[in-house]
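J.: Residue numbers (UniProt numbering): 1 to 267.
The C-beta atom is built at its ideal place from N, Cα and C for all residues, glycine as well.
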């Protein structure tokens, strides 16, 4: 695959990679330091085992999983290792700068390396969709852009919408639990979970202002819109599905009786 690159790409690729790596080295030199505290050393063995498994899965598992040795030779595995190394470095810096609001140096722990490896794995998975259609320069741009968006969205969801996501997940489980044995298709469960999640998120925004103060409801732990309203939705869905189940059973029974009557009349 690399032999089919234009001459301009083959000439600019080493310079582009070396410039990018030099910039990352300077960023690590001026803005990072290692955490050598005793608390971090106590959990070093357990964290190292998890980090080791993630690294092996990202480097070897995803590398050979997305490779086609007959079409791409070993280039896909080499590209995977290159993107993993670049993605982990960029993700460590990005997560460090986004997680601390006060200016200062980024603390590098084994946990931050593990989190960066998980972030880089998202890029390695998405790269498999375009492997063989893009060159290495485009893959480098893809790593930088996708990791930036991925890290930013994760920080926004974790710091701002964490409670809403948690309540929405609980609400979806509450809504589906009552009628799970009657749901004939996955899309019904998906619709129930989506509606329950929207009710939970909308309730977190509207109910404390609109209903709780007007009606004098004491609501301090979000029980009403996390469990109450989704539970009511689940019971309504249970009644509707039970009625449909009875109608379907009666229609099937009527159809079987009519077939038996036709057979007996013909006999």
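So for residue 199, helix, strand or coil by DSSP?
T.: Stepping through the chain shown from its first residue, residue 199 is reached at position 199. Helix, per DSSP.
J.: For residue 108, report the span of its alpha helix (DSSP H) as first-last.
T.: Residue numbering aside, residue 108 sits at position 108 when the chain shown is read from its first letter. That residue, residue 108, is in no alpha helix (DSSP H); its beta strand (DSSP E) goes 106-108.
J.: Between which residues of its own chain and residue 312 is the CB-CB distance below 6 Å, once the five residues before and five after are set aside?
T.: The structure shown does not extend to residue 312, since the chain is modelled only from 1 to 267, so the question has no answer here.
J.: When the Cα atoms are used, what is the spatial distance from residue 198 to residue 118?
T.: Your numbering for residue 198 matches position 198 in the chain shown. Your numbering for residue 118 matches position 118 in the chain shown. Roughly 29 Å between the two C-alpha positions.
J.: Per the contact definition of three or more C-beta pairs closer than 8 Å, is the stretch 79-87 in contact with the stretch 133-149?
T.: With the cut-off at 8 Å, the stretch 133-149 and the stretch 79-87 touch.
J.: What first and last residue would you give for the beta strand (DSSP E) that runs through residue 32?
T.: Within the chain shown, numbered from 1, the residue matching residue 32 stands at position 32. Taken as a continuous stretch (DSSP letters only), the beta strand (DSSP E) holding residue 32 covers 32-34.
J.: Am I right that residue 44 and residue 110 are in contact with their C-beta atoms under 8 Å? What's the rounded C-beta distance?
T.: Counted from its first residue, the chain shown places residue 44 at position 44. Counted from its first residue, the chain shown places residue 110 at position 110. Correct: roughly 6 Å between the Cβ atoms.
J.: Residue 233 and residue 204 look like a contact to me (Cβ under 8 Å); what is the Cβ gap, rounded to whole Å?
T.: Stepping through the chain shown from its first residue, residue 233 is reached at position 233. Stepping through the chain shown from its first residue, residue 204 is reached at position 204. Residue 233 to residue 204, Cβ: 16 Å. No contact.
J.: Please classify residue 205: does DSSP put it in a helix, a strand, or coil?
T.: Taking the first residue of the chain shown as 1, we reach residue 205 at position 205. Of the three classes helix, strand and coil, the one that applies to residue 205 here is helix, per DSSP.
J.: By a C-beta neighbour count over all protein chains shown, 10 Å radius and 16 as the cutoff for buried, is residue 89 buried or exposed?
T.: What you label residue 89 is simply residue 89 of the chain shown in a count that begins at 1. Residue 89 should be labelled buried.
J.: Whose CA, out of 49, 112, 19, lies closest to the CA of residue 33?
T.: Counted from its first residue, the chain shown places residue 33 at position 33. Ranking the options by Cα distance to residue 33, first place goes to 112.
J.: So residue 23 packs on residue 120, CB below 8 Å; how close in whole Å?
T.: Taking the chain shown and counting its residues from 1, one reaches residue 23 at position 23. Taking the chain shown and counting its residues from 1, one reaches residue 120 at position 120. At roughly 18 Å, the Cβ-Cβ gap does not stay under 8 Å, so residue 23 and residue 120 are not in contact.
J.: With DSSP run on the structure shown, which of helix, strand or coil describes residue 80?
T.: Here residue 80 is taken as the residue at index 80 of the chain shown, counted from 1. Here residue 80 sits in helix by DSSP.
J.: Which residue's Cα is closest to the Cα of residue 126: 147, 152, 226, 100?
T.: Position 126 of the chain shown, counting from 1, holds the residue named residue 126. Checked all of 147, 152, 226, 100; the closest Cα to residue 126 is 147.
J.: Leaving out five residues on either side along the sequence, give the residues of the same chain with a beta carbon under 6 Å from the beta carbon of residue 35.
T.: For this step, residue 35 is matched to residue 35 along the chain shown. The answer, listed in chain order, is 107, 109.
J.: Would you mind sorting residue 174 into buried or exposed? The rule is 16 or more other CB atoms within 10 Å of its CB.
T.: In the chain shown, residue 174 corresponds to position 174, counting from 1. Label assigned to residue 174: buried.
J.: For a quick check, are the C-beta atoms of residue 225 and residue 200 less than 8 Å apart?
T.: Working through the chain shown from its first residue, we reach residue 225 at position 225. Working through the chain shown from its first residue, we reach residue 200 at position 200. Against a cut-off of 8 Å, the Cβ pair of residue 200 and residue 225 comes out as a contact.
J.: Check this for me: beta carbons of residue 62 and residue 124, under 8 Å apart or not?
T.: Looking up residue 62 in the chain shown gives position 62. Looking up residue 124 in the chain shown gives position 124. Closer than 8 Å, so yes.
J.: Using the beta-carbon count (16 or more within 10 Å), is residue 11 buried or exposed?
T.: Start at 1 with the first residue of the chain shown, and residue 11 comes out as number 11. Exposed, because fewer than 16 other Cβ atoms sit within 10 Å of the Cβ of residue 11.
J.: Could you check how far apart the C-beta atoms of residue 98 and residue 155 are, in whole angstroms? I think they sit under 8 Å.
T.: Counting from 1 along the chain shown, the entry for residue 98 is found at position 98. Counting from 1 along the chain shown, the entry for residue 155 is found at position 155. Confirmed, Cβ separation roughly 5 Å.
J.: Count the other CB atoms, across all protein chains shown, that sit within 10 Å of the CB of residue 250; report buried if there are 16 or more and exposed otherwise.
T.: As a working note, residue 250 is residue 250 in the chain shown. Exposed: under 16 other Cβ atoms inside 10 Å.
J.: Look at the alpha carbon of residue 248 and the alpha carbon of residue 50, and state the distance between them as a whole number of angstroms.
T.: To locate residue 248, count along the chain shown from 1; it is residue 248. To locate residue 50, count along the chain shown from 1; it is residue 50. Cα to Cα, the separation comes out at about 51 Å.
J.: Of all the options 194, 95, 245, 15, which has the alpha carbon lying nearest to the alpha carbon of residue 301?
T.: One cannot answer for residue 301 here, as it falls past the ends of the chain, which runs 1 to 267.
J.: Are the CB atoms of residue 169 and residue 230 nearer to each other than 8 Å?
T.: Position 169 of the chain shown holds residue 169. Position 230 of the chain shown holds residue 230. Contact flag unset, no.
J.: Give the DSSP-derived three-state secondary structure of residue 100 in the structure shown.
T.: Your numbering for residue 100 matches position 100 in the chain shown. Coil.
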